[in-house]
Amino acid sequence: MTAAAGSLDLLWFFGPFIAMLFIIGFYCIFATYNLIRALIGVELLIKAVTLLSVVVGYISGYTALTQALIITMIVIEVVVMVVAIGIILGVRRFNATLDVRNLRNLKG
Amino acid sequence: MMIHLIILTTIVIAALWTIMTRSLLRAAIGLAAVSAALSVMMFRLSAPLAAVFELSVCTGLISVLFVSAISLTRSMTMDEVLQHAKERMRRFWFLPVLAVLVGIGVSFIHSTAAVRLPAPETVHDVRIVLWHLRRLDIIGQVIILLAGAFGVMILFKETK
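Chains A and B supply the protein sequences, listed in that same order.
Going by our numbering, 87 is the number at position 74 of the first sequence; the sequence numbering is gapless.
Going by our numbering, 28 is the number at position 22 of the second sequence; the sequence numbering is gapless.
Below is the structure:
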């Protein structure tokens, strides 16, 4: 079954915004020194992927399957965030900083 | 389409504000705004259950997690804030330009290749897909949730 031209137009309409969201998250991870802000960058990357999944599900007509996958993705996202925040708070407790430039204990 | 454009622009502007704002608390609020706008977009794209999950979990729970983590950190003094603001501006002024350039660049990609879609979906109920067809995903979710719970328990274990 070939996709209708109109439905693919929707992908090209959403594409630039998804790419912008992805670049913003990626730039944040690379340019920041704060661990919490790096985690926010990871969140933005996940948002871009979620938006891409929803759009592709809408175009292909597989909305139920897409929603099931997105729910799984959200559950995993929350667990990753909880554990990452726990690790960040642990880092802060032992080093009294969230700046990655000061985390040199394992520098070898 | 106009509504889609407005929501997408809101998402990108909120994301830019999240990254470029000085305060971590404002960044957490910006992230919640991105999630809320994304859930509206999901609702518009026929994914209401995923939209509810996104709104309740990502906008609610993750924002609360970030705000509580930020509240446990030390706030900066005024001198540190001014020094930090200058340094941040030096690193991040390029980001909006880069994002717009990438957006324009991607908008020129317009493939005319015929994409073959799979056969139409036979089951349209999310509950049946999630609980019957994707049963392994549910088991994986339970395992990951347990791993996360035990991980947090170990991380916050009180040492005598």
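Note that CB positions come from ideal geometry on N, CA and C, so glycine has one too.
Nearest-angstrom beta carbon gap, residue j and residue i [assumed within contact, 8 Å]
i	j	result
B:Ala-53	A:Ile-83	7 Å
B:Ile-144	B:Leu-136	7 Å
B:Met-48	B:Ala-42	Not confirmed; about 11 Å, so no contact.
A:Ile-116	A:Asn-108	As written in the sequence, residue 116 of chain A is Leu, which differs from the Ile given in the question. Between A:Asn-108 and A:Leu-116 the Cβ distance is about 6 Å, and since that is below 8 Å, they are a contact.
B:Leu-139	B:Val-129	7 Å
A:Tyr-71	B:Leu-51	4 Å
A:Leu-102	B:Leu-78	6 Å
Neighbourhood of residue i by C-beta distance below 7 Å, restricted to the same chain and skipping five residues each side
i	result
B:Ala-34	Ser-69, Phe-72, Val-73, Ile-76
B:Thr-24	Ala-33, Gly-36, Leu-37, Val-40
B:Leu-44	Ile-17, Glu-60
A:Ala-61	Ile-31, Leu-34, Phe-35, Gly-38
Endpoints, alpha helix (DSSP H) assigned at residue i
i	result
B:Leu-30	30–50
B:Asp-85	84–98
B:Gly-66	Where B:Gly-66 is concerned, there is no enclosing alpha helix (DSSP H), given that its DSSP letter is neither H nor E.
B:Met-159	141–161
B:Ile-12	8–26
B:Pro-54	54–59
Top-ranked residue by Cα proximity to residue i, from the options
i	options	result
A:Val-69	B:Arg-122, B:Ile-160, B:Lys-163, B:Val-106	B:Arg-122
B:Ile-108	A:Leu-23, A:Phe-39, A:Tyr-46, A:Arg-50	In the sequence as displayed, the identity of residue 108 of chain B is Val instead of Ile. Here the closest residue by C-alpha is A:Phe-39.
A:Phe-30	B:Leu-61, B:Leu-22, B:Met-48, B:Leu-14	B:Leu-14
A:Ala-81	A:Ile-98, A:Ala-109, A:Ile-59, A:Val-67	A:Val-67
B:Leu-167	B:Val-63, B:Phe-114, B:Phe-100	Any question about residue 167 of chain B goes unanswered here, given that chain B covers just 7 to 166.
A:Gly-54	B:Leu-55, B:Met-26, B:Glu-127	B:Met-26
A:Leu-111	B:Ile-134, B:Ser-113, B:Lys-92, B:Ser-81	B:Ser-81
B:Val-106	B:Met-8, B:Ile-19, B:Met-7	B:Ile-19
B:Val-46	A:Glu-56, A:Thr-63, A:Ile-42	A:Thr-63
B:Pro-126	A:Glu-90, A:Val-88, A:Thr-76	A:Thr-76
B:Leu-142	A:Thr-85, A:Phe-27, A:Val-93	A:Thr-85
A:Leu-57	A:Ile-98, A:Leu-102, A:Arg-105, A:Glu-90	A:Glu-90
A:Phe-26	B:Arg-28, B:His-90, B:Met-7	B:Met-7
B:Met-159	A:Leu-48, A:Val-93, A:Gly-99, A:Asp-22	A:Gly-99
B:Leu-55	B:Leu-152, B:Glu-164, B:Ile-134, B:Val-112	B:Ile-134
Own chain partners of residue i with C-beta closer than 8 Å, once the 5 adjacent residues on each side are dropped
i	result
A:Val-95	none
Contact set for residue i: own chain, Cβ-Cβ below 6 Å, skip 5 residues either direction
i	result
A:Ala-51	Ile-42, Thr-45
A:Leu-65	Ile-31
B:His-91	First, the amino acid is wrong: residue 91 of chain B is Ala here, not His. Around B:Ala-91: Arg-28.
Pick out the complete beta strand (DSSP E) segments inside the segment 35–97 of chain A, 3 residues or longer, and give them in chain order.
none
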